[in-house]
Amino acid sequence: MFRTFLKVNDRCPACAEDLSHHQADDAPAYFVILIVGHIVVPIVLAVETAYAPPYWVHFSLWPALTLILAIGLLQPIKGAIVGWQWAGRMHGFDDVPDNGGMGVRKAT
Ligand SMILES: [Zn+2]
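Residue numbers (this note's numbering): 80 to 187.
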């Protein structure tokens, strides 16, 4: 569903579903920060508590782990958010134009 790393195709290449009106915005980055933080910070604290390694060990491990996890999770999480918007009929995935998302229909 992606034409580049984070650019979503206008149409699904498998079923031609119109994906042009997804609005993932910065939700993927938010969830990546949330998840990676909850993975890396406990590991950092556990390693520091158990082994108290010198700072160069910390500086060589955690930025690399954070970068690998963030880059590895960004595309699947963005795909999941676009899929969630599609499943919830949000942001133009509904047949009703401009209904505000989350299944809430604007008063007309
Ligand atoms: Zn499809």
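In this text, a Cβ means the ideal position worked out from N, Cα and C, and glycines have one as well. Computed from a prediction, not measured in an experiment: that's the story for all the values here.
Which class does residue i belong to by DSSP, given the choice of helix, strand or coil?
| i | result |
| --- | --- |
| F110 | helix |
| F81 | strand |
Evaluate residue i with the Cβ neighbour count: other Cβ atoms within 10 Å of its Cβ, from every protein chain shown; 16 or more gives buried, anything less gives exposed.
| i | result |
| --- | --- |
| I150 | exposed |
| I156 | buried |
| H137 | exposed |
| F84 | exposed |
| P107 | buried |
Rounded to a whole number of angstroms, what is the C-alpha to C-alpha distance between residue i and residue j?
| i | j | result |
| --- | --- | --- |
| Q164 | H101 | 7 Å |
| P132 | A143 | 17 Å |
Original post:
How about the stretch 84 to 101 and the stretch 116 to 129: do they share at least three Cβ pairs that are nearer than 8 Å?
Top reply: no
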